[in-house]
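**Q**
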Amino acid sequence: MDTFIQQIINGLVLGSIYALVALGYTMVYGILGLINFAHGEVVMVGALTALSIVKVLSGSGLPGPVVALLGLMGAVPVCMALGFTIERVAYRPLRNAPRLAPLITAIGVSIVLQQLMMLGWGSTYLSFPQLFSAQPHSLMGASINDLQIMIICVAGAMMVGLVLLMQKTRIGRAMRATAENPAMASLMGVNVNRIISFTFVIGSALAAVAGLMVSANYSIAHYSMGFMLGLKAFTAAVLGGIGNLAGAMLGGVLLGLIESLGSGYISDLTGGVLGSNYRDVFAFFVLILVLVLRPSGLMGERVSERA
Amino acid sequence: MLKVRELRVSYGGIAAVKSIDLDVADGELVCLIGCNGAGKTSTLKALARILPAHGEIRYRGDDIVHWPAHRLIGEGIALVPEGRGVFARLSVAENLAMGAYCREDKAEIASDLARVFDLLPRLKERAAQLAGTLSGGEQQMLAIGRALMGRPKLLLLDEPSMGLAPIMVQKVFEVVRSVAAEGMTILLVEQNAKLALSVSTRGYVMESGCITMADSAAMLLDNPKVRDAYLGGE
Ligand SMILES: Nc1ncnc2c1ncn2[C@@H]1O[C@H](COP(=O)(O)OP(=O)(O)OP(=O)(O)O)[C@@H](O)[C@H]1O
Ligand SMILES: [Mg+2]
Chain A
1 MDTFIQQIIN
11 GLVLGSIYAL
21 VALGYTMVYG
31 ILGLINFAHG
41 EVVMVGALTA
51 LSIVKVLSGS
61 GLPGPVVALL
71 GLMGAVPVCM
81 ALGFTIERVA
91 YRPLRNAPRL
101 APLITAIGVS
111 IVLQQLMMLG
121 WGSTYLSFPQ
131 LFSAQPHSLM
141 GASINDLQIM
151 IICVAGAMMV
161 GLVLLMQKTR
171 IGRAMRATAE
181 NPAMASLMGV
191 NVNRIISFTF
201 VIGSALAAVA
211 GLMVSANYSI
221 AHYSMGFMLG
231 LKAFTAAVLG
241 GIGNLAGAML
251 GGVLLGLIES
261 LGSGYISDLT
271 GGVLGSNYRD
281 VFAFFVLILV
291 LVLRPSGLMG
301 ERVSERA
Chain B
1 MLKVRELRVS
11 YGGIAAVKSI
21 DLDVADGELV
31 CLIGCNGAGK
41 TSTLKALARI
51 LPAHGEIRYR
61 GDDIVHWPAH
71 RLIGEGIALV
81 PEGRGVFARL
91 SVAENLAMGA
101 YCREDKAEIA
111 SDLARVFDLL
121 PRLKERAAQL
131 AGTLSGGEQQ
141 MLAIGRALMG
151 RPKLLLLDEP
161 SMGLAPIMVQ
171 KVFEVVRSVA
181 AEGMTILLVE
191 QNAKLALSVS
201 TRGYVMESGC
211 ITMADSAAML
221 LDNPKVRDAY
231 LGGE
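So the protein sequences, as listed, match chains A and B. Residue numbering for the first sequence follows this note's numbering, beginning at 1 and increasing consecutively. Residue numbering for the second sequence follows this note's numbering, beginning at 1 and increasing consecutively.
1) Quick check on this structure: which residue in F87/B, M98/B, A38/B, K3/B has the alpha carbon closest to the alpha carbon of L22/B?
2) Considering only heavy atoms of ligand 1, does any lie closer than 6 Å to the CB of G39/B?
3) Using the Cβ count rule (16 or more neighbours within 10 Å means buried), how would you classify P81/B?
4) M206/B by DSSP, collapsed to three states: which one?
5) Between the alpha carbons of I9/A and G71/A, how many angstroms are there, rounded?
6) Using a Cβ-Cβ distance cut-off of 7 Å, determine whether V303/A contacts chain B.
7) Pull up the distance between the alpha-carbon of A15/B and that of A233/A, whole angstroms please.
8) With D23/B as the anchor, note down where its beta strand (DSSP E) starts and where it stops.
9) Just to confirm the assignment, what range does the beta strand (DSSP E) spanning L113/B have?
10) Work out the CA separation of G13/B and L162/A for me, nearest whole Å.
11) Does the distance from the C-beta atom of L212/A to that of A50/A stay below 7 Å?
12) Would you mind telling me which residues of chain A sit closer than 8 Å to G74/B, beta carbon to beta carbon, in chain order?
13) Might you give, ordered along the chain, the residues of its own chain that have their beta carbon closer than 7 Å to the beta carbon of L57/A, omitting 5 neighbours on each side?
14) Does the separation of the CB atoms of T26/A and G243/A fall below 7 Å?
15) Assuming P152/B contacts G76/B under a Cβ cut-off of 8 Å, what Cβ separation, rounded to an integer in Å, is found between them?
16) By DSSP, does L131/A sit in helix, in strand, or in coil?
17) For A221/A, which residues of its own chain have a beta-carbon under 7 Å away from its beta-carbon, when the five flanking residues on both sides are left out?
18) Quick check: does the Cβ of E82/B come within less than 6 Å of any heavy atom belonging to ligand 2?
19) Please report how far the alpha carbon of Y91/A lies from the alpha carbon of Q129/B, in whole angstroms.
20) Using a Cβ-Cβ distance cut-off of 7 Å, determine whether M184/A contacts chain B.
21) At a CB-CB cut-off below 7 Å, which residues of chain A make contact with L187/B?
22) To test your reading of the DSSP string, which unbroken alpha helix (DSSP H) runs of 4 or more residues are found completely within the segment 110-165 of chain A?
Pasting the structure below:
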């Protein structure tokens, strides 16, 4: 089996998930200049909601992909409502407060969400039922299974959809205008508060999908799973250039590849001293490198307004 | 059309606009002139509701002082802000589409777009270009075109001549004049007093937050105080 190709495939799967979550960070940052550190918890709520639906339905004889779809149909609206509520309750009252205030609030929201979900779902690791055939297909000397194919395709389709929404629709144009200059956008008749709510709702929908994907991919879900995933997706957003949509997608996929290739080869590179359980190190290594070498990220340049 | 009474604006306790009165009748082109820091921009921003203000702003009879900014364009008020405020990362065409954001009448929007391109032909050539890459003069044209796309009844213009070469200033003022000739009501803020008064019917002079003179444009142009302070003593 070709390890390199295999790690590329694993990296693309992981990267697709990171990209979906990174988009949520970057969209909110682009419009509010705020890092929504509770976003990882929205992914977790999506995962646990989907898990409960999937568990109930998996004994019903419905085909796996249908069960997954129904899980999404439950998790997506729950996360949309959650994202909407977080913005209204936690961030909007602090719109004009010093920057540190919403950041601290975000951490508070994270803790509250984790504790609430722990009360409902317990503190043990929950296994996520297998919904897709585990039978691998061989591809260029490596293997890929149905779930992995689904993750890449669905994530890709959602990203294409998001780009179309942003570039081709009236509301997408209003979102871009608001991100650039909220006061001017409001003079065009854009209800800026509504655009901000919409941004949170869209980001949270992507997070719900990512939540189901990540727990299906690792066959596991847990009340604290959002923390690490959130940090990595945030890293991906910074890597791509926070505030930049294409950057978040690129950063997500790159980070997935780096992590996957890194953990695949780390044992060879270090003569067996470090094993693939050090996989989480790569994200933070990347974060530090980006912050030191290129804080604006890979695609972070901006067209400046000329006087 | 516009009747302002005792309008006050302050920034954290420092008064920038100190209780001014101002009127603009239907179809008039009125200018507000004054030196740097007189409070002209603050006044326009307050009228456009992007700055909190106290007092009374009557627009066609309604007191709009507490309206949210996003309601104004639908009611017919558009602002071309100081520094243009174009959306740099949107194309010229998208900027113009933002101007018509509140409108549903597709056919009418298309005909207004054709009219704007007629008035400002440069924008048509540059339709696909990002607004941030336009020259300063082109950005000013775009800001005006974008405001016109909302079909305003009252146009607020903040220093359209700022930072432009004389030839571009002439062009911008030609546009202002032709828009006014079509019957649009305009409140024009300018430091270039001579030019502003030459296109206006009436003018107000603002000094450190207060309106110190109000008269017809011709009278202001003849007024020795105005000549000394704002027209270079000619
Ligand atoms: N955001 C702000 N915070 C604090 N003070 C401000 C702010 N904006 C304006 N000011 C002050 O308010 C006063 C009026 O400013 P304003 O911009 O309205 O003047 P202006 O007449 O438009 O001047 P210019 O011709 O230079 O554009 C000035 O003293 C200015 O320093
Ligand atoms: Mg000014």
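Ideal Cβ placement from N, Cα and C applies to all residues, glycine included.
**A** On the basis of the data shown:
1) The residue given as residue 22/B occupies position 22 in the second sequence. Nearest C-alpha to L22/B: K3/B.
2) To locate residue 39/B, count along the second sequence from 1; it is residue 39. Flag set: Cβ of G39/B near ligand 1.
3) Position 81 of the second sequence, counted from the first residue, corresponds to residue 81/B. Buried, since its Cβ has 16 or more Cβ neighbours within 10 Å.
4) Sequence index remark: in the second sequence, residue 206/B carries index 206 (1-based). M206/B: strand per DSSP, three-state reduction.
5) Within the first sequence, numbered from 1, the residue matching residue 9/A stands at position 9. Within the first sequence, numbered from 1, the residue matching residue 71/A stands at position 71. Cα to Cα, the separation comes out at about 25 Å.
6) Taking the first sequence and counting its residues from 1, one reaches residue 303/A at position 303. Residue placement at V303/A is flagged as unreliable, the pLDDT there being 39, under the threshold of 50; the coordinate-derived value follows with that caveat. Yes, V303/A counts as interfacial toward chain B.
7) Here residue 15/B refers to the residue found at position 15 of the second sequence. Here residue 233/A refers to the residue found at position 233 of the first sequence. Roughly 46 Å separates the two Cα atoms.
8) Working through the second sequence from its first residue, we reach residue 23/B at position 23. It spans 14-24 - the beta strand (DSSP E) in which D23/B sits, taken as one unbroken run.
9) Taking the second sequence and counting its residues from 1, one reaches residue 113/B at position 113. From DSSP, L113/B is part of no beta strand (DSSP E) but of the alpha helix (DSSP H) over 106-119.
10) Indexing the first sequence from 1 puts residue 162/A at position 162. Indexing the second sequence from 1 puts residue 13/B at position 13. Looking at the two C-alpha atoms, the distance is approximately 44 Å.
11) Here residue 212/A refers to the residue found at position 212 when the first sequence is read from its first residue. Here residue 50/A refers to the residue found at position 50 when the first sequence is read from its first residue. Yes, the Cβ-Cβ distance between L212/A and A50/A is below 7 Å.
12) Locating residue 74/B in the second sequence gives position 74, counting from the first residue. Ordered by position in chain A, the residues that pass the 8 Å Cβ test against G74/B are G189.
13) On the first sequence, position 57 is the one that residue 57/A refers to. Closer than 7 Å at the Cβ level, and outside the excluded window around L57/A, lie V67, L70.
14) Indexing the first sequence from 1 puts residue 26/A at position 26. Indexing the first sequence from 1 puts residue 243/A at position 243. Taking 7 Å as the Cβ cut-off, T26/A and G243/A qualify as a contacting pair.
15) Here the question's residue 152/B lines up with position 152 in the second sequence. Here the question's residue 76/B lines up with position 76 in the second sequence. With a Cβ gap of about 5 Å, P152/B and G76/B count as contacting.
16) Along the first sequence, read from residue 1 onward, the residue named residue 131/A stands at position 131. Reduced to three states, the DSSP call for L131/A is coil.
17) Within the first sequence, the letter at position 221 stands for residue 221/A. Same-chain partners within the cutoff: A47, L48, L51, L126, F128, S215.
18) Within the second sequence, numbered from 1, the residue matching residue 82/B stands at position 82. E82/B Cβ: within cutoff of ligand 2.
19) One-based indexing of the first sequence puts residue 91/A at position 91. One-based indexing of the second sequence puts residue 129/B at position 129. Taking the straight line from one Cα to the other gives about 35 Å.
20) In the first sequence, the residue the question calls residue 184/A occupies position 184. True, the Cβ-Cβ gap to chain B drops below 7 Å.
21) Locating residue 187/B in the second sequence gives position 187, where the first residue counts as 1. Per Cβ cutoff of 7 Å: no residues; L187/B is ~15 Å from chain A at best.
22) none
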